[in-house]
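Colleague: In the UniProt record's numbering, the protein residues as written are 1 to 283. C-beta atoms are modelled at their ideal positions from N, C-alpha and C, and glycine is treated no differently. Okay, here's the structure, questions in a sec.
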Amino acid sequence: MKDKYILLATCSDKVGITSLITNIIAKHNSNILHLDHFTEYDSDQDSEGKLYLRFEFEKVDTLKQALEQELQDNNIEFELFDNSKKTKIALFVSKEDHAFNEVLLRVQRGEIPAEIVCVVSNHENNKHFADAFNIPFFHVPSTQPKEEVEQKILDICAQHEVELIILAKYMQILTDNFVSHYPNQIINIHHSFLPSFIGANPYKQAWERGVKLVGATSHYVTSDLDEGPIIDQDVTRINHRYNVKDLRKIGRHVESRVLAQAVELHVQHKVIVTEGNKTIVFA
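Right under this line is the structure:
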């Protein structure tokens, strides 16, 4: 695979933006490998639209600085990534292993272009999985004061230069202070019954109400609990023959694939978080 740059760009929509970017890429003899764009208009307001762009193009040494300067001069918000640099991930997990192992195995198989640099857990149940792949495992019990626990974890993440945190059924609520260190760099997974069936045994509650869909939602973590920008969702249809055990089994499957898909989208730089607490997710 060719070394390439990936550009995510956002600006007010106007004529010539795409041309401006493609021209400077061509000027430096770089070939565009993929281009996607989306313009969003607020239907309730007579205002200019917002343009979202994603480019993949060949890596040319002289291009990066020139492109960044051009984008800055034209007030275009952007992030520029080098695909040869894998995202460094910290996997957070508690006792359940389904979502954790789905991400772990997809990374190990090379399906998710990332590197898991450490595993953090408030239990030791999943240590043997990390050990099998020689990934550093850190047991940080939640029995200590919250501030001390989170500072230990922040130190671990800093030590390993973590760029993305995955909450693979990590059953602890992170404080605003912790989240502020990783804006739009923490991904969580939960069942999609919310805001219904809050608390313990959501699948039993759902079964008692006769739900017909089991789903999962993956999103970025913000200071508002379970209300961060959504990256991916999926559902599986069920019927009256399913018992609580069946619902939990199906729920684990959906959670696992939705979390892994969200991680893949993030590390492939296909997600832009908008000002309105939503996401633009490129295919």
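(1) Buried or exposed: Val-119, going by 16 or more other Cβ atoms within 10 Å of its Cβ?
(2) Would you mind reading off the limits of the beta strand (DSSP E) that contains Glu-115?
(3) Is Arg-209 helix, strand or coil by DSSP?
(4) Excluding five sequence neighbours on each side, which residues of the same chain lie with their C-beta closer than 7 Å to the C-beta of Ala-262?
(5) Check each candidate in Asp-97, Leu-7, Phe-38 and name the one with the smallest Cα separation from Lys-64.
(6) For Lys-169, is the classification buried or exposed, using 16 other Cβ atoms within 10 angstroms of its Cβ as the cut-off for buried?
(7) Could you spell out the range, first to last residue, of the alpha helix (DSSP H) harbouring Ala-283?
(8) What's the C-alpha gap between His-256 and Phe-92?
(9) Assign Gly-276 to one of three DSSP states: helix, strand, or coil.
(10) Can you tell me whether Glu-227 is buried or exposed, with buried defined as 16 or more other CB within 10 angstroms of its CB?
(11) Report buried or exposed for Arg-237, applying the criterion of at least 16 other Cβ atoms within 10 angstroms of its Cβ.
(12) Cα separation between Val-271 and Glu-79?
(13) Return the residue from the list Ser-121, Asn-101, Ala-90, Ser-94 that minimises the CA-CA distance to Ala-114.
(14) Report, in whole angstroms, the separation of the C-beta atoms of Ala-216 and Ser-192, which I expect to be a contact under 8 Å.
(15) Under the DSSP definition of a beta bridge, which residues are partnered with Thr-87?
(16) Starting from Ser-12 and walking both ways along the beta strand (DSSP E), at which residues does that stretch end?
(17) Using CA coordinates, which residue listed in Asp-224, Thr-222, Asp-131, Val-117 is at the minimum distance from Ile-156?
(18) Could you check whether the Cβ of Val-235 sits closer than 7 Å to any heavy atom belonging to the ligand COA?
(19) Just the Cα atoms here: how many angstroms apart are Glu-70 and Lys-88?
(20) Give the secondary structure of Ile-191 by DSSP, where H, G and I count as helix, E and B as strand, and everything else as coil.
(21) Note the first and the last residue of the continuous beta strand (DSSP E) segment covering Leu-80.
(22) Can you have a look at His-128 and say buried or exposed, based on whether 16 or more other CB atoms are within 10 angstroms of its CB?
Modeller: Here's the rundown:
(1) Indexing the sequence shown from 1 puts residue 119 at position 119. With a threshold of 16 other beta carbon atoms within 10 Å, Val-119 meets it and is buried.
(2) For the purposes of this step, residue 115 is identified with residue 115 of the sequence shown, where counting begins at 1. Here the beta strand (DSSP E) through Glu-115 covers 114 to 121.
(3) By 1-based counting over the sequence shown, the position of residue 209 is 209. Correct three-state label for Arg-209: helix.
(4) Position 262 of the sequence shown holds residue 262. Excluding sequence neighbours, Ala-262 sits near Ile-187, Ser-218, Ile-231, Asp-232.
(5) One-based indexing of the sequence shown puts residue 64 at position 64. That would be Leu-7, whose Cα lies nearest to the Cα of Lys-64.
(6) Position 169 of the sequence shown holds residue 169. Buried, by the Cβ-count rule.
(7) For the purposes of this step, residue 283 is identified with residue 283 of the sequence shown, where counting begins at 1. No alpha helix (DSSP H) contains Ala-283, which DSSP labels as neither H nor E.
(8) Mapped onto the sequence shown, residue 256 falls at position 256. Mapped onto the sequence shown, residue 92 falls at position 92. It is worth fixing the name first, because residue 256 is Ser in this sequence and not His. CA-to-CA, the gap between Ser-256 and Phe-92 works out to about 14 Å.
(9) Taking the first residue of the sequence shown as position 1, residue 276 is located at position 276. Note: Gly-276 maps to coil in three-state DSSP.
(10) Within the sequence shown, numbered from 1, the residue matching residue 227 stands at position 227. With fewer than 16 other CB atoms across the displayed protein chains lying within 10 angstroms of its CB, Glu-227 is exposed.
(11) Looking up residue 237 in the sequence shown gives position 237. Residue environment analysis places Arg-237 among the exposed positions, since fewer than 16 neighbouring C-beta atoms fall within 10 angstroms of its C-beta.
(12) For the purposes of this step, residue 271 is identified with residue 271 of the sequence shown, where counting begins at 1. For the purposes of this step, residue 79 is identified with residue 79 of the sequence shown, where counting begins at 1. Roughly 11 Å separates the two Cα atoms.
(13) As a working mapping, residue 114 is identified with position 114 in the sequence shown. Nearest to Ala-114 by alpha-carbon distance, out of Ser-121, Asn-101, Ala-90, Ser-94, is Ala-90.
(14) Against the sequence shown, residue 216 aligns to sequence position 216. Against the sequence shown, residue 192 aligns to sequence position 192. About 6 Å separates the two Cβ atoms, so the contact holds.
(15) As a working note, residue 87 is residue 87 in the sequence shown. Paired residues: Ala-114.
(16) Residue 12 sits at position 12 when you count from the first residue of the sequence shown. That run of the beta strand (DSSP E) goes 4 to 12.
(17) The residue labelled residue 156 in the question sits at position 156 within the sequence shown. The shortest C-alpha separation from Ile-156 is found at Val-117.
(18) In the structure shown, the ligand COA is absent, as is every other ligand, since no ligand is present at all.
(19) In the sequence shown, the residue the question calls residue 70 occupies position 70. In the sequence shown, the residue the question calls residue 88 occupies position 88. Glu-70 and Lys-88 have their C-alpha atoms some 29 Å from each other.
(20) Start at 1 with the first residue of the sequence shown, and residue 191 comes out as number 191. For clarity, residue 191 is His in the given sequence; the question names Ile instead. In this structure, DSSP gives His-191 an extended state, which the three-state scheme calls strand.
(21) Residue mapping note: residue 80 aligns to position 80 of the sequence shown, counting from 1. DSSP places Leu-80 in the uninterrupted beta strand (DSSP E) bounded by 77 to 82.
(22) As a first step, residue 128 must be located in the sequence shown, where it is residue number 128. The residue in question, His-128, is exposed, as its Cβ has fewer than 16 Cβ neighbours within 10 Å.
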